[in-house]
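Peer 1: Residue numbers (my numbering): 15 to 94. Sending over a structure as structure tokens; questions will come in a sec.
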């Protein structure tokens, strides 16, 4: 598996990340397609802006833990 990880530090991370990471995902896809067209091989690109990937993982983990506690307390499932 060919992986490329890019770390970008900027004063304006929102411009690169976009709403809910949509711009960031698009940039990763463009980079993957470009590299595939150049080398006829698949590369997995991760672009991390100001540690956004780690921050997002922490936020999702916290959300999942809170939701699990609610499910246990209320005894029924929840939809998001």
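Glycine is no exception: its CB is placed at the ideal position from the N, C-alpha and C atoms.
Using only the alpha-carbon positions, how far apart do residue 59 and residue 40 sit?
Peer 2: Their backbone Cα atoms lie some 11 Å apart in a straight line.
Peer 1: Measure the alpha-carbon distance for residue 81 versus residue 51 and round it to whole angstroms.
Peer 2: For residue 81 and residue 51, the distance between alpha carbons rounds to 42 Å.
Peer 1: Mapping DSSP to helix, strand and coil, what is residue 60?
Peer 2: Looking at residue 60 - three-state DSSP - the assignment turns out to be strand.
Peer 1: Should residue 73 go down as buried or exposed, given a rule of 16 or more other Cβ atoms within 10 Å for buried?
Peer 2: When all chains shown are included, residue 73 counts as exposed.
Peer 1: With DSSP collapsed to three states, give me the class of residue 55.
Peer 2: Of the three classes helix, strand and coil, the one that applies to residue 55 here is coil, per DSSP.
Peer 1: Is the beta carbon of residue 86 closer than 7 Å to that of residue 61?
Peer 2: Cβ distance not < 7 Å, so residue 61 and residue 86 don't count as in contact.
Peer 1: Tell me which residue opens and which closes the alpha helix (DSSP H) that residue 75 is part of.
Peer 2: Residues 66-88.
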